[in-house]
Amino acid sequence: MNYARPIGLLLVLVLTLAASSAWARLVTDEMGRQVKVPAQPQRIIGLTPSLTEVVFALGLGERAVGATTWADYPPAARKLTRVGPYVSPNLERILALKPDLVLINKDGNPPWLVDRLGELGVPVYVTVPTVPQDLPAGLERLGDLLGAPQAGRRLADKLRREMEQVAARLRGVKPRPTLMVIGSHPLVSVGPETMNGHLLTMAGAKNIAAGINQRWPRLNLEYITEAKPQVIILSTMERGQNLERDLTYWRTLPGVGDRPGVRVEWISSDLIDRPGPRMGQGLEELARLVHPERFTPEAKP
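What the sequence shown shows, in our numbering, is residues -10 to 290, in sequence order.
Okay, structure coming up:
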């Protein structure tokens, strides 16, 4: 009896089942879309710096094959192939890397990209980070998605603890009028419903731009002078001499930064703009800038 044919057919069946099992998971992303993804994604592209950072924080950096222009943390992420800026990534570069999973941020990446990649057979998982309090659950979901559930829970638990510790430090504080500047030319601040706006509230600040119904309001000096901020926090892309120039400008600005008791500070935009595992660190640093008196050795939570 010739056993070669049935054995050959069995082998084909096993290989087929093995291949299909790698794509057997159906997950729901944060937009409510059902997506078929590999059980263990091996070629991942995060299309924002924060999503690339999460992949590395989960211990899966060796599976990342591409990143956007400004994805620079951790340092190992700088070695990844660039696919362009997150607001306009290059589709051809993405496809050339043959990803088996692309991670997208709903608010950061162009809307057309989700549908186009889907049409081309590339699995896309969309994240929708809206408020800092939702980030721990998002880290858990990404851990499950990428096959690292325990690492996801560890990151989530750490972020929750950091947020709780800041809240304990600030218990009972009076919100301090604060201006956050994210762009100098033109002068751009943050609205209350942005991630930065929520972080300001959690840091014990009274956002002077909260009354303007815009996500990224452009303010004039007359408005700022009338609002009388006690703290001015720069979180721009400027560094080095340009940053020193801007700090000096605000500290000497008549009727604003030169008023008695007004403090002008700086915080790295990476810590508060990127909805990822370092946002707890960013929140604490922001709270220290707004309420330094609550973070002295004598001040106990």
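Where a beta carbon is used, it is the ideal one built from N, C-alpha and C, also for glycine.
Buried versus exposed call for residue 148 [16 or more other C-beta atoms within 10 Å across all chains shown]:
So residue 148 counts as buried.
Measure the C-alpha to C-alpha separation of residue 234 and residue 240 and round it to an integer number of angstroms.
Those two C-alpha atoms are separated by around 10 Å.
- Task: Check each candidate in 282, 174 and 170 and name the one with the smallest Cα separation from residue 306.
- Result: The shown model of the chain, from -10 to 290, leaves out residue 306, and the question about it has no answer.
Query raised in the report: From what residue to what residue does the beta strand (DSSP E) around residue 98 run?
Result: Run containing residue 98: none; DSSP gives neither H nor E here.
Exercise. Between residue 57 and residue 112, what straight-line distance do the alpha-carbon atoms span, to the nearest angstrom?
Worked result: If I take the Cα positions, the gap works out to 18 Å.
Just mark residue 174 as buried or exposed, buried being the case when its beta carbon has 16 or more other beta carbons within 10 Å.
With fewer than 16 other Cβ atoms within 10 Å, it is exposed.
Taking the runs of the beta strand (DSSP E) that are 3 residues or longer, which of them lie wholly in the stretch 126 to 180?
Counting only runs of 3 or more, we get 165 to 170.
Quick one, are the C-beta atoms of residue 265 and residue 42 less than 8 Å apart?
Yes, they are a contact pair.
(message) As a quick exercise: from 224, 279 and 232, pick the residue whose alpha carbon is nearest that of residue 250.
(response) It is 279.
Straight-line Cα distance separating residue 86 from residue 160: In this model, residue 160 and residue 86 are separated by some 49 Å (Cα to Cα).
message = Are the CB atoms of residue 119 and residue 93 within a distance shorter than 8 Å?
response = With contacts defined as CB atoms closer than 8 Å, residue 93 and residue 119 fail to qualify as a contacting pair.
In angstroms with no decimal places, state the Cα-to-Cα distance between residue 66 and residue 21.
Linking residue 66 to residue 21 through their CA atoms gives a straight-line distance of about 29 Å.
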